[in-house]
Every structure is written in C-alpha cells, then in structure tokens.
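Asker: Once you've had a glance at the structure underneath, I'll fire off some questions.
In my numbering, the protein residues as written are 551 to 1330.
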C-alpha cells in the first residue's frame, strides 16, 4: 500500500476469550467476558509532492493490566485484518494500551501510534488511532539535491508526436539524467532519505519516482523538486536545449475546395520564436490524385479527401494536413429552361451548381426547391418534381449555399401535345408487325401499326406511358415517353416477343467504348419494359434481375419471362449506360455488345455517336462527329477527324477521343465546357453520303443515335428527325448546363458548295463554314 495522503486502512481486530468463572459473591471473583472491536487507523498526510510510502504489514500489541496480546497481518490492497486471542474484559469495561506499527517491504518501521482504549464486553465501536511517520528519516531537517543545473539535449519527436513536427534528435545527445539527494538532521547526514520528485513543467522535462529526469520536445528550462514526508525540499534547474532551428508549416492544416488552390509556407523558427521563410524547400504530396503541390508550396486540390503535404529543408521536415472538400456553389442553373404544363401534370427539374471557376460541381447535394406560388405549382423540396395545380404562372426556385436560380413555369388549361414515331417488329426476324395496338394514357390516345410496322401516336404529354400490344406477343410498356410539344420524335424500333410460358435467358457483353476491351465487374440490372429504370417520377422501380460481368465483360441472366427489358449498366469509373434486351421463352438470346464510356469529370460531358448500316441495301456507311465552341482567346474552335483536339493554355477543352472511319461507330468527343463560357454546337455529318445524290434521312437510313453523359449518367439521347433528307444533322446546343435539342438537317449534293448553305440550320454560319470546309478534306 502506498501512503501519500491521509489513507484509512481497515484493520479489524476481534477478541475471543473463554470465561474463567462466573460471579461468586462468596469468593468475590468478578465475571470475565469476551470482547471484540474493529481497528481503522489513519495515517498522517504527506505533503503535496512528497514520497509514496509502501506499507507491507501491520503489527498490533494490546496490553492489559495483567496480560498482552500481539497480532500481525499483511496488507493486501487497502486492508489488513488483525485478530487478537485471549482478550479478557472484567466487569463493565477494561482499559488496554494499544500500540500499532506499520512496516515497509524492507521491514523498516514507517508509521506507528500508541494509545489507550476502553473495551467493553461484546462489540465495540471501531478504534481510529492516528499513525505518525516514524521512518529513520523522520528527523531530517534539511535536504540537498546534487548539482545546481542539469543540462539536457532536446529529446526529439516520438512516433505520432505532431507537436514536435517529426523532427529527429541527435542520436549522441544526452536526454536523461539520474538525480541524487542527501538528507541531514542537525547537520548530520541521514541515510535512506525518502523523497517524492516533481517536475514543474512536464512539457520541458519529466521525472520518475526514482529521480530519473527525461527531456521533452522543448527549448526551455524548468525546476525538478525533491520533497520529504516531513516537507523538507530542495530543487535543481533542468535546462533543455533544442536543435539549431525548427521547421514549421504555415498553416499546418487547411481546407481547400476541389478545383481550388492554396499556398503553404515552410518557416524556420529560431530558439527565440522568430520565423523566416525556409530556403531550398522540397515539397511532397502523399496522394497526387487528391492534391498536388509545386515547389513554391502551391497546393492544387482535385479529389475530395485528406492528404498530407510535406516540406523538407536542412534535414528537417514538417507536415500540413489538407482536406479537399466539395466547393461551394458560386451560381446555380435550373434545367431545363422555361416550361409549361397543364393542370394535373408533373415536370422534373434538375439544378446544376457551378464553382467560382465556372466548373460544374458534380457531387453537389442538398438543393432546396420551392415555388413562388405553391397554390399554382407545388414542388418537392428535395427532388425538384413539380406538379401543376391551377392556372397561372409561378417561379420554380432551386437554392444551395446561399445561391439560387429560378425558371418561369406556366400552368395552362392544356398543353400542346407531342407525338412519337416508331416501328413494331418481330424481335427475332426484325420483320414488321402490322395491326399492333399502341395506346397512351387517354381514352382517345391510340393507333395501330401499319403494314410496314410503323406508327405515329399523338396526343402525348411528358411522362406518359405507352403500351404496345398484339395477339400472340408479349405486351411492351414504354415508360416516361420523351415528348416535345408540337413535335414528332423518332424512337428506336419496338421489338415484340411471342408469348410463352417457358422462361428464357439472355447473354451479352460489355466493352470499353474507347478500347473495345471487355469490362468486368459491371452491374447489369434488368427492368421489365422500355425506359423502365428508376426516375424522379418512378423512384422505386425495382429490377427483376441483377448480375455482374465476368473477367471478359460477358454476362448471363437466367430465368426471365419472355418479353422486352431495359438493361442498365453501371460500374465505378464508367458512365451509366442503358439498352434494350429481349428474352424468348425456352431460349437463350444473345444481345448486342454494350459500349460503356468512361466516367466524365464533374465539369465535362462525353458525347457518343453510334449508327447502323445505311440505305435500303444496308451498306456500310460512315458518320462523323463535329463539335464547335468558343475559343478562350477569340473566335470558335472546331473539333473533328481533321483536328481532333482543342487546347487552351495546355488544358484539353474538347477532343475527339475515338474516331471510326468505316462504321458503325462509336465516335466519342469529350468536352469541358467550363473552360470558355458560350454556345457549344454538335453536328453529325454523313461523310459516306456527301455526294450520293438525294440521300435519305439519317433517321431512316443509318439508325443514328447520340448519347450525352455527365456525372456517370445519361443526360440526353438524340435521334435525327425522320423523313428529312440531308447529310448534316445539327443535334443540340450546350451552354455548359443545358442541352437544347435542335434536330435540324440540311442536305446538299455537292460538298463544294456547302459553305454557301445556311438554311434552317443557321444561326451560326461561322460554324457551318468550318464544318462544310472540313468535310471537303479527304479523311486520314
């Protein structure tokens, strides 16, 4: 047991003695009785900083008028029990002398007391004698710690000690010292003096119970004090000297928005705390994919997360912690633009956030939506789904980081409907199916497919579902039909499957859109119907099957009912892709290979062009992508097969990443529109049909399709208008936030006069001049 302050040691003493005789009035002998009592001695308090005294055993002596009893016990934890035998109490009480002694592990007496106690027969109240300090050094009246100053070198940094900034101490430096102390009583030396050791500042130096002093990460001095149990004290000055300089980082931690930068400084700090910039600093980043640092200490942030930036100079290193965060929104754009809906209809709006450098913040979350007139148009506060409630006008507003954008929203009694055009075919033979019933949501919205399988279904509104049915075939539902007011949109063929009660399977493969190599680990989710995946209007759409691609990119889905399915392909590092798959009862059906584009950056888009064979004879044809946009300096750039990349200050703004010379694609253009704000325009040119006389429409002859990806998902799909002959298709315009469909085609037999044609595809004659001039050049 260690005694440093007042401690209560529970020591129970019990007395047990046999009676020698009973009362005898004749002989005059008084009755002798047994007694017991508990003993709980208290030790005198040691001074603050005094020594810890170890008590190993307790000895008690109980002396009566004619006899005495001795008991001993070892100290276990905080208690010891003393048992006395043959204690006799005569009459009502007896007086005893009690002596208690405490000994340390060397059997040296360290505490003792002597007192008289009155004991009565039976149980007595606990006795609480106070034990005084009685060790051999109890009479010490002065103390002397050897030496006046103890010089030590700085210890250096322990692993993980950020206070020391990873500095290393001199391996030969003295960093510890054993202190000694001498006690005196009336000028005479006393052996075995017991002291406690205390450092006044443990950040400078620490001291153990035995007096071993250890320097710390410091460049200062402090006193170490020795103190006896009787409060005699002496001290020694411990002086810790640090290396010649310390390297510090300013700041030592910083948060940088992704895409932003900040400058760190490495400072040399002398022993007096004066700081000057370090010379010949070497900089290093722990993760260049998250943040880089140049040799001037400028940190450029790229990817969210934590990264360590290290500066080294003169054999010292220092570290700053950089946290790359999602940037704050500098402006918002609500997509799409102006819209109109009829009472009861829904619209889905999205918001894009841009940072201070006009880059899209792809992972921006927490948009708040509200309506200026919720009685006219209500909006879901988190999803941006708007419902038209009453006639009138309202503004739909999105807000984030204190920034907001709004669009006008008109609720009318009715909205001009749109139409879709497609062809119903047998999924196996691709032969047309006549007489199929095509119905929309309204009772008057219906038609049938003609002899060539084609149909036009009008009276549709955005978000309507369309069903295609025919006796002997599995019905198909097209969800959320893409509809534009007063326009007819050409959709891919609707493949129908003969009815069957037997399940079937589908197989397919997924390839990298740029390298054509198989991609493993891609999740394939199958949904019943066309365009059947989750959407803001159908957030809880559930796949009927989910598999993953194998090492060569192949996949198989078993036990599916006969029918038509939407397949959604997704995986880390790739943009999400959607395709249509078919299953025949009792058979395994191979699907067309799926080309999966790499994921685009949050500030960019990927444009993918695919097509089939051209003309009635289904010959191979060649389509080309052309992209124009504003240059950073002046004028407009043109990216195509003859000039595949536009750079601005060494940075790629737009590039033809994949060029197909014969068909059927894909061709891929990557664009980072935020580099130069303005209008970007995409065109598709039928290079193989440029001098083929009166060519057919791209939609009718080549099955052309353009998909636009951003943030790993499709943000737009475009098909050329049907029945419009021409060789040049203006697909869309893009302002860095919104895709505006154009779907305009111009036809010219002689490429030599193309620069003179502006026609309905204007307003950008400058763009046409660039494109028409380009298509006259032979392909490489």
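Think of the CB as a built atom: it goes at the ideal place given N, C-alpha and C, for glycine as much as any other residue.
Going along the chain, which residues of its own chain have a beta-carbon closer than 6 Å to the beta-carbon of residue 836, five neighbours each way excluded?
Answerer: Here residue 836 refers to the residue found at position 286 when the chain shown is read from its first residue. Counting only Cβ-Cβ distances below 6 Å, and skipping sequence neighbours, we find 857, 858.
Asker: When burial is assigned at 16 or more other CB atoms within 10 Å of the CB, is residue 1090 buried or exposed?
Answerer: Start at 1 with the first residue of the chain shown, and residue 1090 comes out as number 540. Under this definition residue 1090 is an exposed residue.
Asker: Pick helix, strand or coil for residue 1331, following the three-state DSSP scheme.
Answerer: The requested residue 1331 does not occur in the structure, where the chain is confined to residues 551 to 1330.
Asker: Around the C-beta of residue 844, are 16 or more other C-beta atoms found within 10 angstroms, so that it is buried, or is it exposed?
Answerer: Position 294 of the chain shown, counting from 1, holds the residue named residue 844. Exposed, because fewer than 16 other Cβ atoms sit within 10 Å of the Cβ of residue 844.
Asker: Closer than 6 Å by C-beta to residue 1335: which residues in its own chain qualify, once you throw out the five before and the five after it? Chain order, please.
Answerer: Residue 1335 is absent from the model: the chain starts at 551 and stops at 1330.
Asker: Give me the Cβ distance between residue 765 and residue 704, rounded to the nearest whole Å; I'm assuming they're in contact under 8 Å.
Answerer: Walking along the chain shown from the start, residue 765 turns up at place 215. Walking along the chain shown from the start, residue 704 turns up at place 154. Indeed, because the Cβ distance is near 6 Å, the residues count as touching under 8 Å.
Asker: Helix, strand or coil for residue 1360, going by three-state DSSP, please let me know.
Answerer: Given that the chain is displayed from residue 551 to residue 1330, the structure contains no residue 1360 and the question cannot be resolved.
Asker: Say whether the stretch 1172-1182 touches the stretch 1010-1024, bearing in mind that this needs 3 or more beta-carbon pairs closer than 8 Å, one atom from each stretch.
Answerer: Because the criterion of three Cβ pairs below 8 Å is not met, the stretch 1172-1182 and the stretch 1010-1024 do not touch.
Asker: Given that a residue counts as buried once 16 or more other Cβ atoms are within 10 Å of its Cβ, and exposed if not, what is residue 1152?
Answerer: Within the chain shown, numbered from 1, the residue matching residue 1152 stands at position 602. Since pLDDT at residue 1152 reaches only 48, below the 50 mark, its modelled position is unreliable, and the value read off the structure follows with that caveat. Per the 10 Å Cβ criterion, buried.
Asker: Just the Cα atoms here: how many angstroms apart are residue 1293 and residue 1254?
Answerer: Counted from its first residue, the chain shown places residue 1293 at position 743. Counted from its first residue, the chain shown places residue 1254 at position 704. If you take the alpha carbons of residue 1293 and residue 1254, they lie about 12 Å apart.
Asker: What is the DSSP secondary structure of residue 1238, counted as helix, strand or coil?
Answerer: Taking the chain shown and counting its residues from 1, the one referred to as residue 1238 is at position 688. Residue state, collapsed to three classes: helix.
Asker: Under the three-state reduction of DSSP, which class applies to residue 1109: helix, strand or coil?
Answerer: For the purposes of this step, residue 1109 is taken as residue 559 along the chain shown, with counting starting at 1. Strand at residue 1109.
Asker: Report yes if the CB atom of residue 679 is closer than 8 Å to the CB atom of residue 588, and no otherwise.
Answerer: As a first step, residue 679 must be located in the chain shown, where it is residue number 129. As a first step, residue 588 must be located in the chain shown, where it is residue number 38. Contact flag unset, no.
Asker: Curious, which full-length beta strand (DSSP E) runs of at least 3 residues does the stretch 859-905 contain?
Answerer: Fully enclosed beta strand (DSSP E) runs of 3 or longer: 866-875, 881-885, 889-892, 896-898, 900-904.
Asker: In this structure, how does DSSP classify residue 922 when only helix, strand and coil are distinguished?
Answerer: Position 372 of the chain shown, counted from the start, is the residue given in the question as residue 922. The answer is coil: DSSP assigns residue 922 none of H, G, I, E or B.
Asker: Would you report the Cα separation of residue 1217 and residue 871, rounded to the nearest angstrom?
Answerer: In the chain shown, counting from the first residue as 1, residue 1217 sits at position 667. In the chain shown, counting from the first residue as 1, residue 871 sits at position 321. If you take the alpha carbons of residue 1217 and residue 871, they lie about 43 Å apart.
Asker: Tell me, which residues are paired with residue 653 by DSSP?
Answerer: Within the chain shown, numbered from 1, the residue matching residue 653 stands at position 103. 607, 659, per the DSSP bridge assignment.
Asker: Quick one: using the 10 Å Cβ neighbour count with 16 as the cut-off for buried, is residue 585 buried or exposed?
Answerer: One-based indexing of the chain shown puts residue 585 at position 35. That one is buried.
Asker: Counting Cβ pairs closer than 8 Å, one from the stretch 913-933 and one from the stretch 943-955, do we hit at least three?
Answerer: As far as the Cβ criterion goes, the stretch 913-933 touches the stretch 943-955, which means the pair count is three or higher.
Asker: Going by DSSP, what residue range makes up the beta strand (DSSP E) through residue 812?
Answerer: As a working note, residue 812 is residue 262 in the chain shown. Element bounds for residue 812: 811-813.
Asker: Which of helix, strand or coil does DSSP assign to residue 1279?
Answerer: Mapped onto the chain shown, residue 1279 falls at position 729. Residue 1279: strand per DSSP, three-state reduction.
Asker: Can you tell me whether residue 762 is buried or exposed? The criterion is at least 16 other CB atoms within 10 Å of its CB, across all chains shown.
Answerer: The residue given as residue 762 occupies position 212 in the chain shown. When all chains shown are included, residue 762 counts as exposed.
Asker: Below 8 Å on the Cβ atoms is my guess for residue 681 versus residue 593; work out the distance and round it to an integer in Å.
Answerer: Reading the chain shown from its first residue, position 131 is the one you call residue 681. Reading the chain shown from its first residue, position 43 is the one you call residue 593. At roughly 5 Å, the Cβ-Cβ gap stays under 8 Å, so residue 681 and residue 593 are in contact.
Asker: Using the rule of at least 16 other Cβ atoms within 10 Å of the residue's Cβ for burial, across every protein chain shown, is residue 657 buried or exposed?
Answerer: Locating residue 657 in the chain shown gives position 107, counting from the first residue. Per the 10 Å Cβ criterion, exposed.
Asker: Taking only three categories from DSSP, how would you classify residue 1256?
Answerer: Within the chain shown, numbered from 1, the residue matching residue 1256 stands at position 706. Looking at residue 1256 - three-state DSSP - the assignment turns out to be strand.
Asker: Contact between the stretch 1103-1110 and the stretch 1073-1083 is defined here as three or more beta-carbon pairs at a separation below 8 Å; is this criterion met?
Answerer: Yes: at least three Cβ pairs fall under 8 Å.
Asker: Please go through the same chain and pick out, in chain order, the residues whose beta-carbon is closer than 8 Å to the beta-carbon of residue 1144, but skip the five residues on each side of it.
Answerer: Indexing the chain shown from 1 puts residue 1144 at position 594. Once the five neighbours on either side are set aside, the close Cβ partners of residue 1144 are 1058, 1059, 1060, 1061, 1117, 1119, 1127, 1129.
Asker: List the DSSP bridge partners of residue 1061.
Answerer: Numbered from its first residue, the chain shown carries residue 1061 at position 511. In DSSP, residue 1061 forms a bridge with 1068, 1145.
Asker: Could you pull out every residue in the same chain whose Cβ sits closer than 8 Å to the Cβ of residue 1085, ignoring the five residues on either side in sequence?
Answerer: Locating residue 1085 in the chain shown gives position 535, counting from the first residue. So the list reads 898, 1029, 1030, 1091, once near-sequence residues are dropped.
Asker: Is DSSP giving residue 1194 helix, strand or coil here?
Answerer: Here residue 1194 refers to the residue found at position 644 of the chain shown. Coil, per DSSP.
Asker: Counting along the chain, where does the beta strand (DSSP E) carrying residue 1159 start and finish?
Answerer: Your numbering for residue 1159 matches position 609 in the chain shown. Run containing residue 1159: 1155-1160, per the beta strand (DSSP E) assignment.
Asker: At which residues does the beta strand (DSSP E) containing residue 975 begin and terminate?
Answerer: Taking the chain shown and counting its residues from 1, the one referred to as residue 975 is at position 425. That run of the beta strand (DSSP E) goes 968-976.
Asker: Between the C-alpha atoms of residue 1064 and residue 1147, what's the straight-line distance to the nearest angstrom?
Answerer: Stepping through the chain shown from its first residue, residue 1064 is reached at position 514. Stepping through the chain shown from its first residue, residue 1147 is reached at position 597. Straight-line Cα distance between these residues: approximately 7 Å.
Asker: Taking C-beta to C-beta, are residue 1046 and residue 1139 nearer than 8 Å?
Answerer: If you number the chain shown from 1, residue 1046 lands on position 496. If you number the chain shown from 1, residue 1139 lands on position 589. No. Outside cutoff.
Asker: I'd like to confirm the pairing. Which residues does DSSP put opposite residue 1023 in its beta bridges?
Answerer: Against the chain shown, residue 1023 aligns to sequence position 473. Per DSSP, 1048.
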